[in-house]
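Student: Have a look at the structure that comes next, please.
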Amino acid sequence: MSDAKTLPAQWRHVLGLCKVRPGEKVVVLDSFAGSGRYKRFAVEAAEELGADVAYLQVGDPNHLPESAVPTLSKADMIIDLVFAHDTRIRAFGRDNGTRTLVVLEPPEILARMLPNEADKSRVQAAHRAIRAAGTMRVTAPTGTDFSVRLGEFGGNAQWGFTDEAGHWDQWPGAFITTYGNEGTAEGTIVVDAGDMVFPTKEYVRDPISLRIEGGYIRAIEGGADAKAMKALLDRYDDPEVFAVSHLGWGLSRNSRWDALSWYDKAAIEGQDGRGFYGNFLFSTGPNLSGGGTRRAPLHLDIPLRGCSVFLDNQAMVLDGAVIPADQRV
Ligand SMILES: [Fe+2]
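Written as structure tokens, this is what we have:
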């Protein structure tokens with residue numbers, strides 16, 4: 002366990018976990034609309050580890066300017082302070098082995114959810130389980146009863162730092178996800194009162210029932226929140242926003258379910274909810290980052306509490322408690 006009490010010490014700890022080495026090319030990516038609050042910590046921590054560091058500020062990180070591409074594509078590591086939604090960031094990882102670490106959350110969340118090596122080994126145990134599985138089933142007393150076949154896509158593991166060539170991660174957050182085989186998701190997901198929806202960053206007030214057939218949400222039933230979700234998805238006039246996207250469970254030992262209620266929406270990203278220990282993380286929309294071809298203009302992350310998650314009938318999570326010894330804290 003790290004005893005890093007200050008923000009600079011926490012940055013040194015995390016970039017140390019990322020194995021930043023002398024002479025490595027590190028690019029700190031920022032935008033003019035970004036808060037800029039971490040740029041100095043990122044640059045100084047990387048320089049202290051001996052890296053060759055550039056700070057790159059762009060206008061729109063979701064459409065990177067061509068002039069920024071040569072610098073980013075040659076980086077050994079990108080520290081992304083704005084969560085650039087430009088598919089080339091992942092491509093740099095696949096093609097050039099660039100490691101990427103996104104850092105967005107407020108300082109007290111970075112500190113509380115400071116990652117360590119044990120987080121990585123727990124998430125990797127979950128990753129092995131998910132890669133070996135042929136089916137996932139999720140149940141809950143709320144009425145959730147959902148199943149999907151696995152194996153077409155590999156799965157994405159996040160453990161809060163990036164220490165392997167090509168690995169994309171975010172500080173903080175430890176969780177495992179994979180994508181169901183195309184067209185195989187079936188059943189009902191009940192988003193219960195108190196569960197969360199991102200990126201709208203809201204707790205649901207009344208249950209939403211999602212009826213899923215053939216890999217797509219076919220009906221959204223419930224009260225005001227169901228109507229709001231349906232209106233949001235309908236707005237895009239694109240059937241792919243109704244597709245089932247990544248599925249997994251949270252393994253962040255220091256996450257808090259109530260974190261969302263303490264912040265203005267703009268001040269928080271929601272890694273507490275996404276990585277919440279023992280959640281089931283349901284989502285909608287694209288499967289590009291799992292290696293699929295489906296694009297969608299909207300992606301919802303929906304962490305559910307108190308579910309049971311089974312891989313090939315073996316419990317990974319039971320009523321919200323992580324079960325396998327090698328994944329438990
Ligand atoms: Fe997601």
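At position 125 of the sequence shown the residue is numbered 126 (my numbering), and the sequence of numbers has no breaks.
Quick reminder that beta carbons are idealized off the backbone N, C-alpha and C, glycines included.
Quick check for students: name the residue ranges of the alpha helix (DSSP H) that lie wholly in the stretch 32-69, counting only runs of 4 or more.
Tutor: You should have 40-49.
Student: Nearest to L252 by CA position, among G17, T7, Q125, is which residue?
Tutor: Of the candidates G17, T7, Q125, the one whose C-alpha sits nearest the C-alpha of L252 is Q125.
Student: Determine, using beta carbons only, whether D96 and E25 come nearer to each other than 7 Å.
Tutor: No. Outside cutoff.
Student: What does a CB cutoff of less than 7 Å around V83 pick up in its chain, not counting 5 residues either side in sequence?
Tutor: These residues qualify, in order along the chain: L30, D31, S32, G35, P62.
Student: Between which two residues does the alpha helix (DSSP H) holding H128 run?
Tutor: Looking at the DSSP string, the run of the alpha helix (DSSP H) that includes H128 is 118-133.
Student: Please check the pair M159 and A133, which I expect to be a contact at CB under 8 Å, by giving their CB distance rounded to whole angstroms.
Tutor: Reading off the sequence, residue 159 comes out as Gln, not Met. Rounded, the Cβ-Cβ distance is 19 Å, inconsistent with contact.
Student: Which of helix, strand or coil does DSSP assign to F283?
Tutor: Of the three classes helix, strand and coil, the one that applies to F283 here is strand, per DSSP.
Student: Would you check if the distance between the CB atom of G156 and the CB atom of I131 is smaller than 7 Å?
Tutor: Yes; because the gap between Cβ atoms is below 7 Å, this pair is in contact.
Student: Enumerated in chain order, which unbroken segments of the beta strand (DSSP E) with a length of 3 residues or greater are wholly contained in the stretch 136-224?
Tutor: Fully enclosed beta strand (DSSP E) runs of 3 or longer: 136-140, 146-150, 157-159, 169-172, 176-180, 187-192, 209-214, 217-223.
Student: Consider the C-beta atom of D302 and the heavy atoms of ligand 1; say whether any pair is separated by less than 6 Å.
Tutor: Yes, since a heavy atom of ligand 1 falls inside the 6 Å radius drawn around the Cβ of D302.
Student: Count the other CB atoms, across all protein chains shown, that sit within 10 Å of the CB of G94; report buried if there are 16 or more and exposed otherwise.
Tutor: By the neighbour-count rule (16 or more Cβ atoms within 10 Å), G94 is buried.
Student: Thinking just about the alpha-carbon of each residue, which of K6, D207, T201 is nearest to the one in D226?
Tutor: Ranking the options by Cα distance to D226, first place goes to D207.
Student: Who are the Cβ neighbours of I213 in its own chain at under 8 Å, not counting the five residues just before and after it?
Tutor: Contacts found: F147, A186, E187, G188, T189, I190, R219, V245.
Student: Grouping DSSP H, G and I as helix and E and B as strand, with all else coil, what is P304?
Tutor: In this structure, P304 counts as strand in the three-state DSSP scheme.
Student: On the criterion of 16 or more Cβ atoms from any shown chain inside 10 Å, does Q315 qualify as buried, or is it exposed?
Tutor: Q315 should be labelled exposed.
Student: What does DSSP give as the partner residue(s) for R100 in the beta ladder?
Tutor: Answer is M78.
Student: Where do the N-terminal and C-terminal ends of the alpha helix (DSSP H) with G274 fall, by residue?
Tutor: G274 -> alpha helix (DSSP H) spans 272-275.
Student: Looking at the strands, I want to know which residues DSSP matches up with A244.
Tutor: A244 is bridged to Y217.
Student: Where does Q11 sit, in a helix, a strand or coil, going by DSSP?
Tutor: Reduced to three states, the DSSP call for Q11 is helix.
Student: Can you name the residues that DSSP bridges to L30?
Tutor: Note: L30 sits in a beta bridge opposite L57, D81.
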